[in-house]
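In my numbering, the protein residues as written are 1 to 441.
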């Protein structure tokens with residue numbers, strides 16, 4: 001996408017001003033083995049890609065950046081490729097101070113204005129005006145609000161994560177805010193003052209971010225369904241965005257069509273914790289994935305918390321029980337299959353040891369009760385345990401997983417290792433135990 005200089009209207013320039021401020025939050029886009037990789041906050045990294053697509057308003061700088069990209073495309077070592085447009089904007093950016101509220105985030109850009117990012121619906125509640133392409137502002141009435149919401153629905157129905165942008169010129173006491181030493185810093189610590197800071201905003205526009213599910217999710221979801229594992233989608237995105245992303249794969253249509261629904265949108269941290277508590281009260285064994293700081297309480301509360309190793313925050317990793325180094329959902333399915341195989345081998349090992357050694361126990365018990373001489377001396381017991389028990393039982397522990405292991409229903413967490421049927425099978429094999437007794441006596 002290439003934007004010419006005369007297409008850079010005031011609204012686009014203001015959006016770029018916000019994005020260039022967001023680029024200072026530690027996110028970056030790097031080239032590794034000819035593939036672009038995002039590090040840090042994924043949303044801010046996506047905004048950097050947006051800046052690179054929109055370009056710069058200076059025609060000479062745009063031509064220079066384009067020529068540099070053409071030259072770099074012929075280099076053997078493409079790891080040195082730089083984002084020219086982002087670098088151009090960064091050189092013209094001022095230092096910003098980030099103030100985080102629950103929803104949305106507020107950026108103080110120098111001493112001129114407050115830049116706000118968040119959910120479009122939430123920003124419209126705090127906005128009183130909307131900016132037009134010529135930088136003029138008009139009040140937001142009900143018809144204008146419905147028009148913006150209809151455009152939001154149109155974008156989110158395409159599977160785009162919609163991010164609203166707004167600003168505020170009148171900073172009041174926060175004018176020239178630069179650090180914690182500012183006189184108005186105490187006002188920021190007061191939750192009751194948040195609404196006044198975020199009020200009377202000027203709505204600028206909406207940014208659509210594409211975050212499609214990976215291709216391997218189709219097979220992974222089918223494996224989970226056959227294995228009796230239920231999947232729930234909990235996201236902070238818009239309802240239309242969540243449903244559109246799920247509908248991109250036919251396997252998720254069943255989730256959407258079930259009674260009660262299995263997709264939760266606009267979920268806040270307290271909602272995730274409440275969902276976890278309700279499911280645990282129903283007796284479900286839960287495994288939850290998350291990458292952000294907001295996911296940490298729910299990750300700690302669930303039975304198995306799974307954090308993302310690449311995009312996950314350190315807080316989420318500390319609160320979780322397992323960290324995915326590849327951030328791949330199919331890895332979780334592989335872990336479930338491996339865990340079932342280990343459990344089956346462990347169960348076979350224990351049952352074999354019990355069923356074999358129970359003959360020794362009954363033989364020694366009967367000799368003690370009947371007063372007959374010992375049927376097995378200690379050396380014989382040691383020989384039986386080392387030679388006839390050890391190698392076969394060890395071999396059972398290395399059995400490969402069954403081919404249909406992910407097609408069997410999940411077992412309950414309170415299932416007994418030796419149930420009544422297994423115990424009955426042990427008890428009816430008296431002929432084996434007496435034969436063992438006769439041979440060694």
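For glycine and all other residues, C-beta sits at the position ideal for the given N, C-alpha and C.
Look at the alpha carbon of residue i and the alpha carbon of residue j, and state the distance between them as a whole number of angstroms.
i: residue 313; j: residue 58; result: 37 Å
i: residue 454; j: residue 223; result: Absent from the model: residue 454. The displayed extent of the chain is 1 to 441, so no value can be given.
i: residue 219; j: residue 327; result: 16 Å
i: residue 127; j: residue 200; result: 5 Å
i: residue 12; j: residue 208; result: 14 Å
i: residue 138; j: residue 131; result: 7 Å
i: residue 61; j: residue 41; result: 28 Å
i: residue 401; j: residue 334; result: 11 Å
i: residue 85; j: residue 46; result: 14 Å
i: residue 372; j: residue 354; result: 25 Å
i: residue 120; j: residue 146; result: 12 Å
i: residue 52; j: residue 133; result: 21 Å
i: residue 140; j: residue 129; result: 5 Å
i: residue 378; j: residue 418; result: 28 Å
i: residue 443; j: residue 230; result: Coverage of the chain is limited to positions 1 through 441, which leaves residue 443 absent and any answer about it impossible.
i: residue 412; j: residue 155; result: 43 Å
i: residue 116; j: residue 329; result: 33 Å
i: residue 319; j: residue 55; result: 40 Å
i: residue 211; j: residue 63; result: 30 Å
i: residue 317; j: residue 292; result: 9 Å
i: residue 151; j: residue 406; result: 43 Å
i: residue 442; j: residue 87; result: What the structure shows of the chain is the stretch from 1 to 441, and residue 442 is not part of that stretch, so it cannot be assessed.
Applying the criterion that 16 or more other CB atoms from any shown protein chain within 10 Å of the CB defines a buried residue, is residue i buried or exposed?
i: residue 414; result: exposed
i: residue 102; result: At residue 102 the pLDDT is 44, less than 50, meaning the model places this residue with poor confidence; the figure from the coordinates comes in the next sentence. Exposed: under 16 other Cβ atoms inside 10 Å.
i: residue 410; result: exposed
i: residue 423; result: exposed
i: residue 339; result: exposed
i: residue 89; result: buried
i: residue 216; result: exposed
i: residue 205; result: buried
i: residue 118; result: buried
i: residue 243; result: buried
i: residue 305; result: buried
i: residue 282; result: exposed
i: residue 290; result: buried
i: residue 425; result: exposed
At which residues does the alpha helix (DSSP H) containing residue i begin and terminate?
i: residue 41; result: No alpha helix (DSSP H) contains residue 41, which DSSP labels as neither H nor E.
i: residue 146; result: 142 to 156
i: residue 330; result: 329 to 370
i: residue 245; result: 239 to 247
i: residue 122; result: 120 to 126
i: residue 319; result: 314 to 319
i: residue 382; result: 378 to 383
i: residue 394; result: 390 to 396
i: residue 269; result: 269 to 281
i: residue 55; result: Per DSSP, residue 55 belongs to no alpha helix (DSSP H) and is neither H nor E.
i: residue 226; result: 217 to 226
i: residue 87; result: 84 to 91
Since residue i sits in a beta bridge, which residues does DSSP pair it with?
i: residue 264; result: 234
i: residue 322; result: 306
i: residue 131; result: 137
i: residue 209; result: 161
i: residue 201; result: 127
In the DSSP assignment, find the unbroken beta strand (DSSP E) run with residue i in it and report its ends.
i: residue 139; result: 137 to 139
i: residue 307; result: 304 to 308
i: residue 161; result: 160 to 168
i: residue 311; result: Run containing residue 311: none; DSSP gives neither H nor E here.
i: residue 416; result: Element bounds for residue 416: n/a, residue is neither H nor E.
i: residue 287; result: 287 to 290
Residue i CB to nearest chain B CB: under 8 Å?
i: residue 215; result: This model lacks chain B altogether, as it is built from one protein chain only.
- Query: Should the region 349 to 356 be called in touch with the region 232 to 250, which here means at least 3 C-beta pairs below 8 Å?
  - Reply: No: the two stretches stay apart, fewer than three of their Cβ pairs being nearer than 8 Å.
- For the region 375 to 391 and the region 333 to 349, state whether three or more C-beta atom pairs, one from each stretch, are separated by less than 8 Å. no
- Query: Does the count of Cβ pairs from the region 393 to 401 and the region 317 to 336 closer than 8 Å reach three?
  - Reply: no
- Message: Three or more C-beta pairs under 8 Å: does that hold for the region 260 to 270 against the region 278 to 298?
- Response: yes
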